[in-house]
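Residue numbers (this note's numbering): 6 to 131.
So, in structure tokens, the structure goes:
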């Protein structure tokens, strides 16, 4: 299953979700409506402490999303408006940018929890 995570800056939540999803065996990508210039350093630090590979992570625009190659597009919940993309779920996650490292940790925990729930839901429907 290929998941695509979208938000405004594509610098934190969606990048962590992409990396965590890949570590769980999903195909994953991410994009933003107004991509930042770099991935948030605290997001990269959290991934590193969890042993999650962040190789290749970089902010990308939503115009890079090939919706025909994606099974589910998930909004991180930042009020992102993507009228051209069929968003299946909105996770409504708080943006940790500018907050303490502990907020990035709790965001990564919540992303992991939701990805496990998604995996469980799909394995029970097979």
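For glycine and all other residues, C-beta sits at the position ideal for the given N, C-alpha and C.
Here residue 97 is exposed. Its C-beta has fewer than 16 other C-beta atoms within 10 Å. The count of Cβ pairs closer than 8 angstroms, one atom from the region 71 to 81 and one from the region 51 to 62, stays below three, leaving the stretches out of contact. Between residue 112 and residue 25 a beta carbon distance of about 10 angstroms is seen, past the 8 angstroms cut, so the two are scored as non-contacting. Between the beta-carbon of residue 35 and that of residue 46 there is about 17 angstroms, and that puts the pair past the 8 angstroms contact cut. For residue 127, DSSP records no beta bridge to any residue.
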